[in-house]
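Undergrad: Residue numbers (numbering that gives the first Met the number 0), protein chains in the order written: chain A, 0 to 195; chain B, 0 to 101.
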Amino acid sequence: MTEPISLEALKAGDKAEFARFVETHSPAIYRLALRMLNNPQDAEDILQETFIKAYQNLPRFDGRSKLSTWLYRIATNEALMLIRRRKPEALSVDAPVSNGEGLAQEALEIVDWSHMPEESLLSDEVRRYLRQAIDRLPPTLKAVFLLREIEGLSTRETAEVLGLSEAAVKTRLSRARLALRERLSVYYRDRLEGKP
Amino acid sequence: MSTSTPLPSSQCRYLLDSLSEYVDGTLQESLCLEIERHLAECDNCRVVVDTLRRTVYLVQTLEQAQPTLPSDVRVRLFHKLQLDEFLEGDTVEGHNAEIAER
C-alpha cells in the first residue's frame with residue numbers, strides 16, 4: 000500500500016513529497032476541472048493554478064481537513080471564479096436553489112421509464128445524453144453533483160469544499176438529481192413515442 | 000404513460016425535496032413513513048421516485064470516475080511546478096520530441 004502523504008514533510012519543503020502529492024491528486028483535480036469547465040485548456044490552467052496555490056499556502060494549512068478536500072476547495076473556487084468572470088449570469092441561477100423554491104413549483108415530466116430493459120438504459124447514446132445533461136447543470140448544482148456523485152465525497156466533505164451547510168449540499172444534490180431525472184424522462188418519453 | 004404535469008397536491012411538492020435522501024436510504028424514519036404513505040396513493044410521485052432511483056443508478060453506472068490525466072498535461076504540470084526531476088524519463092523535451100515525431 001502507498002504511504003500516505005506526509006503533511007509534515009510537505010510543510011518542511013520536501014520536494015520529493017510534494018511531487019508525490021501532485022502525482023497522487025492531480026488526476027482527480029484535472030477530472031473535476033474538466034467537468035466543471037468543459038474545456039481542456041481551462042482545466043489545465045485550473046490544475047496548475049491549484050497546485051501553485053497549494054504550494055504557496057501550505058505553511059498556513061492547519062491540517063484540520065484532508066489534503067484532498069483542501070485541494071478540491073482551491074480547484075472549485077478557481078473554477079467558479081473563472082465561470083464568474085466569463086459568464087456572471089451562469090452563477091445567478093443560484094437564487095432559486097438557495098431560497099428553496101424552484102423545481103418543486105414547476106411541472107414535472109411523468110413518464111415511467113424505470114422498467115425499461117438494461118440494454119436500452121445503458122447504451123452509449125444514453126451515456127452521451129447523460130453527460131450532456133450533467134454538463135448543462137447550473138455551475139453551483141454541478142459542483143455539488145460532481146463532488147458527491149462522481150468524486151465520491153461525503154455530504155460533510157462537500158460542504159467543507161464549497162463553504163456550504165450540509166443542508167444546502169443535500170438540497171443542491173436533490174435539485175441536480177431531479178433536473179437529470181427530468182432530462183432523462185424527456186429523452187425516454189421521445190423514445191417511447193417513437194421520436195428520433 | 001407520458002405527460003408533463005404539475006404535481007397535484009402541496010403534499011407532493013412538500014415531499015419532493017426529500018426524495019433524493021429517500022432513495023439513498025438516508026432519510027429519517029418518520030419522513031420515510033410519510034413518503035411511503037403518500038406513495039401508496041399517488042401514482043405520479045411513485046413514477047418520480049422510481050425514475051429518480053433509476054437516474055441515480057445510471058449516474059453511478061455510466062459515470063464512474065476515471066482517474067485519467069493526459070501525459071502531456073502531467074508533463075507540463077510537473078514542469079510548471081519545477082518538478083521535472085520527478086518525471087522519471089517523461090520530460091518536457093522528451094514530450095516535445097515525441098510530438099515532433101508524430
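Where a beta carbon is used, it is the ideal one built from N, C-alpha and C, also for glycine. Model, not experiment: these values are computed from the prediction.
(1) Taking a contact to mean a Cβ-Cβ separation below 7 Å, would you say residue 62 of chain A touches residue 6 of chain A in this structure?
(2) Roughly how many whole angstroms lie between the Cα atoms of residue 47 of chain A and residue 81 of chain A?
(3) Cβ of residue 132 of chain A within 7 Å of Cβ of residue 177 of chain A?
(4) Applying a beta-carbon distance threshold of less than 9 Å, which residues of chain A neighbour residue 32 of chain B?
(5) Note down, in chain order, all residues in the segment 158-190 of chain A with a beta-carbon under 8 Å from any beta-carbon belonging to chain B.
(6) Where does the unbroken alpha helix (DSSP H) through residue 39 of chain A begin, and where does it stop?
(7) Along chain B, which residues have their Cβ under 8 Å away from the Cβ of residue 112 of chain A?
(8) Taking Cβ positions only, does residue 101 of chain A come closer than 7 Å to chain B?
(9) In chain order, what residues of the same chain lie with their CB nearer than 7 Å to the CB of residue 19 of chain A, ignoring the 5 residues before and after it?
(10) Using a Cβ cut-off of 9 Å, which residues of the segment 4-26 of chain A contact any Cβ in chain B, in chain order?
(11) Rounded to whole angstroms, what is the Cα-Cα separation between residue 49 of chain A and residue 20 of chain B?
(12) Could you work out which residues of chain A lie near residue 46 of chain B, taking near to mean beta carbons separated by less than 8 Å?
(13) Sorted by chain position, which residues of the same chain lie with C-beta nearer than 7 Å to residue 172 of chain A's C-beta, five sequence neighbours on each side aside?
(14) Once DSSP output is grouped into helix, strand and coil, what is the label at residue 60 of chain A?
(15) Applying the criterion that 16 or more other CB atoms from any shown protein chain within 10 Å of the CB defines a buried residue, is residue 59 of chain A buried or exposed?
TA: So, from the listed chains and residues:
(1) yes
(2) 14 Å
(3) no
(4) Ordered by position in chain A, no residue passes the 9 Å Cβ test against residue 32 of chain B, which lies about 19 Å from the chain.
(5) 169, 170, 172, 173, 176, 177, 179, 180, 183, 184 and 188
(6) 39-56
(7) 50 and 53
(8) Residue confidence is low: residue 101 of chain A scores 46 on pLDDT, short of 50, so the model does not pin down where it sits. Its coordinate-derived value is still stated next. Output row for residue 101 of chain A: interface = no.
(9) 4
(10) 14, 15, 17, 18, 19, 21, 22, 25 and 26
(11) 32 Å
(12) 109, 110, 111 and 113
(13) 143, 144 and 147
(14) coil
(15) exposed
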